[in-house]
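Take a look at the structure below.
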Amino acid sequence: MPSNPFPLLPSISTAARTLIGQPRCDGPLLSLSRSFTTSTPQLTKTIKPHLLPTRLIPPYPFGERRVYKQSNCGLYGSARIRFGNTVTKKWNTRSPRFWRPNLHVKTFYSPALGANIKTKLTLRVLKTIRLEGGIENYILKSKLARIKDLGPSGWALRWILTQTQTVQKQFNEERLALGLEAKPIKNRDDVIQFALDAATPGPLSTRSWATLQGLRADAFVLGGDGSEAIEAVKELSDEDEVILLQQLEHDDVAKHNSSVKSP
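With the working numbering, letter number 241 in the sequence shown gets 261, and the count goes up by one each step, no holes.
In structure tokens:
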């Protein structure tokens with residue numbers, strides 16, 4: 021029996037087989053990674069927190085980080101770039117160098133959002149997430165030190181999580197345990213869907229476009245309580261605007277001339 025289990029291929033190492041996708045044949049049978057199935061895989065949206073629309077989210081209380089601005093686009097915690105020198109023992113020669121944070125890219129699943137969260141983070145933050153019991157517990161912790169560690173990217177993700185009904189119910193349970201009054205639960209699913217679509221590569225869905233148009237319309241209405249009165253007023257056309265501006269200018273000139281003539 022030949023030593024090469026693939027007679028049509030030359031004898032190659034295990035590492036090379038892994039690179040070209042050739043299955044290993046260390047045992048008598050090939051181990052399949054996934055059995056045959058006809059079920060449709062579940063589609064889960066993968067978002068990047070730093071791509072969430074900032075015009076919907078309240079400003080970060082501590083502002084954007086001016087030192088090592090890359091930390092604004094991930095969960096870096098308090099890690100920043102460090103500068104220093106390496107000194108040789110024999111010749112006592114100093115060589116300037118720098119140390120970047122130990123960064124990794126990790127994807128977490130968020131049950132409240134029903135989506136995956138893909139972000140850059142340091143190893144220390146990843147360890148804290150595991151100790152907290154998940155990405156949601158890490159993001160929703162309300163201590164001041166945690167808010168500082170979140171950064172703008174984590175703050176945006178925190179705001180989106182607090183808009184979900186699941187997190188609102190969780191907060192109400194905590195309020196009731198403290199003897200406080202529960203707040204009414206608001207349905208912000210359209211805003212959440214728009215934010216998730218904006219943080220995902222590709223065009224917006226039809227539902228998100230409709231939400232965006234509504235947000236744009238609401239952005240120009242001052243005083244939400246008087247929306248009925250605003251709708252009752254006819255919108256000013258371009259022609260009427262020109263006429264009214266000319267009339268206003270004529271009145272200003274007449275008023276100025278009358279003030280000059282008066283003693």
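We put the beta carbon where it would ideally sit given N, CA and C, even for glycine.
1) Helix, strand or coil for ALA202? Go by DSSP, reduced to three states.
2) Helix, strand or coil: which one does DSSP assign to TYR80?
3) Under DSSP, the beta strand (DSSP E) around ILE137 begins and ends at which residues?
4) Return the residue from the list GLU201, GLN213 and GLY174 that minimises the CA-CA distance to SER98.
5) Can you name the residues that DSSP bridges to THR127?
6) Tell me, which residues are paired with PHE118 by DSSP?
7) THR194: buried (16+ other C-beta within 10 angstroms of its C-beta) or exposed?
8) Excluding five sequence neighbours on each side, which residues of the same chain lie with their C-beta closer than 7 Å to the C-beta of ARG85?
9) Would you give the residue range spanned by the alpha helix (DSSP H) that ASN192 belongs to?
10) Measuring CA to CA, which of VAL187, HIS124 and ALA197 is closest to LYS206?
11) Between which two residues does the alpha helix (DSSP H) containing PRO172 stretch?
12) Looking only at its chain, what residues have a beta carbon closer than 6 Å to the beta carbon of THR127, apart from the 5 residues adjacent to it on each side?
13) How many angstroms separate the CA atom of LYS163 from the CA atom of ASN157?
14) Ordered along the chain, which non-local residues of its own chain (more than five positions away) have a Cβ less than 8 Å from that of LEU181?
15) Do LYS140 and LEU151 have their CB atoms nearer than 7 Å?
Quick look at the numbers:
1) The three-state reading of DSSP puts ALA202 in coil, since its state is none of H, G, I, E or B.
2) In the structure shown, the three-state DSSP call for TYR80 is coil.
3) It spans 135-142 - the beta strand (DSSP E) in which ILE137 sits, taken as one unbroken run.
4) The shortest C-alpha to C-alpha distance from SER98 to any of GLU201, GLN213 and GLY174 is the one to GLY174.
5) According to DSSP, THR127 bridges with LYS138.
6) DSSP lists PHE103 as partners of PHE118.
7) It should be noted that the sequence gives Glu, not Thr, for residue 194. Exposed: under 16 other Cβ atoms inside 10 Å.
8) So the list reads SER91, ASN92 and GLY171, once near-sequence residues are dropped.
9) For ASN192, the enclosing alpha helix (DSSP H) covers residues 185-197.
10) Residue VAL187 is the option with its Cα nearest to LYS206.
11) Note, PRO172: alpha helix (DSSP H), 164-182.
12) Excluding sequence positions up to five before and after THR127, its CB lies within less than 6 Å of the CB of ASN136 and LYS138, all in the same chain and listed in chain order.
13) CA-to-CA, the gap between LYS163 and ASN157 works out to about 12 Å.
14) Correct list, in chain order: SER130, ALA132, LEU133, GLU156, ILE159, LEU160 and VAL187.
15) The answer is no: Cβ separation not under 7 Å.
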